[in-house]
Structures are given as C-alpha cells and as structure tokens.
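In this text, residue positions in the sequence shown follow my numbering: the first is 1087, and each later residue adds one.
Positions of the beta carbon are idealized from the N, C-alpha and C atoms, including for glycine.
Report on one structure; see the data block that follows.
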Amino acid sequence: HEKATLDKQRQVVRWVEHYIGHPVDVAAACGLGRRERPVAEAILERSRELAEG
1087 HEKATLDKQR QVVRWVEHYI GHPVDVAAAC GLGRRERPVA EAILERSREL AEG
C-alpha cells in the first residue's frame, strides 16, 4: 500500500519475489490520472525507489 514505509514495501517485494522465485514488477495500485500531480509524482518516485532495490 502506498502509505506503507519504504522499508515495509521493500520487505513485501522481497517476500513476493522469494515465494514466486523470480523478480516482480512494481506498479501503482490504481490509475495515477485521478491523483493530484504532486501525489502522482510521489508515487512514481516511490516506485523508482522500489525498483532500484
């Protein structure tokens, strides 16, 4: 969830990757077009952080 801390989100990604056995993609849970621009940009930044590990 987007309100979780970066560390918690990284932990979830690691768990999922461990149990399915391969890397996973990261995406917003819902369309960014309905968000205010600063919120959408923050979600994109978090996605980048997660993708970089």
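- If you draw a straight line from the Cα of Ala1137 to the Cα of Tyr1105, it is about 18 Å long.
- Bounds of the alpha helix (DSSP H) holding His1104 are 1092 to 1106.
- Each residue's CA atom was taken as its position, placing Ala1128 and Val1110 some 21 Å apart.
- By the criterion of a C-beta distance shorter than 8 Å, Val1099 is surrounded in its chain by Val1110, Val1112, Leu1136, once the five residues flanking it on both sides are discounted.
- Excluding its 5 nearest sequence neighbours in each direction, Leu1092 has C-beta neighbours in its own chain below 8 Å: Arg1132, Glu1135, Leu1136, listed in chain order.
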